[in-house]
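As you go down the protein sequences, you meet chains D and L in turn.
Take 1 as the starting number for the first sequence in my numbering and just add one per residue.
Take 1001 as the starting number for the second sequence in my numbering and just add one per residue.
Every residue gets a Cβ at the ideal spot worked out from N, C-alpha and C, and that includes glycine.
Here's the structure, in structure tokens; my notes come after.
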Amino acid sequence: MTFGYTLFCLVALALTLVLERLLKTGVFRDRRFWIAMAIVGFFQVLVDGWLTCRPVVTYAEAQFSGLRLGCPPLAIFRAGGMPLEDLLFGFAMISQGLMWWVWWGRRMGRASH
Amino acid sequence: MGRLEYLALLTLCLLVTAPLELLLGVRVYRQLGRLARALGCTGLVFVGWDLLGARLGHWDYQPASVTGLRLLGLPIEEYLFFLVVPLCGIMAYEAVRVTLDGGSARPRRASPRHLGRTRR
């Protein structure tokens, strides 16, 4: 299957929206969520960039869009950098983590939101 | 760094976010039960995805940069990744929350039914 990772990321994004419908945490209307997401996104580019530029993790070219963020021109980097899809992956994972955090917080009687 | 490279990067993520707990008064590590539940619910889905993706050949790991310890075919670093990264996201969110809300004020609760309106 080509574009397998792309498809996976789109499914993950859809599942994230479905999960929010179920959990009703309200994170997507929470300014603090988007500020945190911007901060996390910045650090993702650094950490994920390191993983995919060195590389520690490699991606099959046929399985994603082929669009990569690129790497600094340094000798220690020998790969192409993070696939654009990784941003979707990260968004889905961090969103779900925060949704569960808020949801469990309410359920366990803590004011987190 | 060699085979500890991936592990070192994950450790760095924890070291960078940990001071938030002490300096900003973020209460994440102090709610271990809640944290474990949130990470468990998230990790279950994403580890499943990771197992599938690795099996389908979407991605792979450089043997020279991981310890070599594997579980169900995945490097153990990958399992740690799904604990560390969502944890960092939660730390970031709580840091923003404490900063904007001043830590003491009971935060607003958005109503799920009425877009844009807060407070029940």
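Contact annotation: in the region 49-63 of chain D, residues whose CB is within less than 8 Å of a CB in chain L are 50, 51, 54, 55, 56, 57, 58, 59, 60 and 63. Neighbourhood of residue 1047 of chain L in chain D, by CB distance below 8 Å: empty, with the nearest CB roughly 11 Å away. Contact between residue 1051 of chain L and residue 1080 of chain L does not hold, since their C-beta atoms are separated by about 15 Å, which reaches or exceeds 8 Å.
Ranked by how close their Cα comes to the Cα of residue 4 of chain D, the residues D/42, D/41 and D/60 have D/60 in first place. The alpha carbon of residue 53 of chain D has as its nearest neighbour, out of D/42, D/71 and D/64, the alpha carbon of D/71.
In this structure, L/1014 is the residue among L/1014, L/1074, L/1053 and L/1040 with its C-alpha nearest to the C-alpha of residue 1091 of chain L. The three-state secondary structure of residue 1060 of chain L, taken from DSSP, is strand. When 7 Å is used as the limit between beta carbons, residue 82 of chain D is near no residue of chain L, the shortest such separation being about 11 Å. Boundaries of the alpha helix (DSSP H) harbouring residue 102 of chain D: 85-107, taken from the DSSP string.
Between residue 1002 of chain L and the set L/1067, L/1021 and L/1045, the nearest pair of CA atoms involves L/1067.
Between residue 32 of chain D and residue 1085 of chain L, the CB-CB gap reaches or exceeds 8 Å. In the three-state scheme derived from DSSP, where H, G and I count as helix and E and B as strand, residue 5 of chain D is classed as helix. At least one CB of chain D lies nearer than 8 Å to the CB of residue 1090 of chain L. Setting aside the 5 residues that flank it on each side, residue 1043 of chain L is surrounded in the same chain by 1082, each with a C-beta closer than 6 Å to its C-beta; the list follows chain order. Taking the Cα of residue 69 of chain D as reference, the smallest distance to any Cα among D/63, D/82 and D/62 is reached at D/82.
Taking a Cβ-Cβ threshold of 9 Å, the residues of chain D close to residue 1053 of chain L are 4, 5, 8 and 63, in chain order. Close to residue 1097 of chain L, with beta-carbon spacing below 7 Å, are these residues of chain D in chain order: 32.
Neighbours of residue 35 of chain D in chain L, taken as residues whose beta carbon is under 7 Å from its own, are 1096 in chain order.
In this chain, the beta strand (DSSP E) harbouring residue 58 of chain D covers 57-59. DSSP, read as helix, strand or coil, puts residue 54 of chain D in coil. Nearest to residue 94 of chain D by alpha-carbon distance, out of D/26, D/7 and D/41, is D/41. Distances from the alpha-carbon of residue 1055 of chain L to those of D/35, D/50, D/55 and D/63 put D/63 closest. Assigned with DSSP and collapsed to three states, residue 1051 of chain L falls in helix. Cβ atoms of residue 102 of chain D and residue 27 of chain D come within 8 Å of each other, at about 6 Å.
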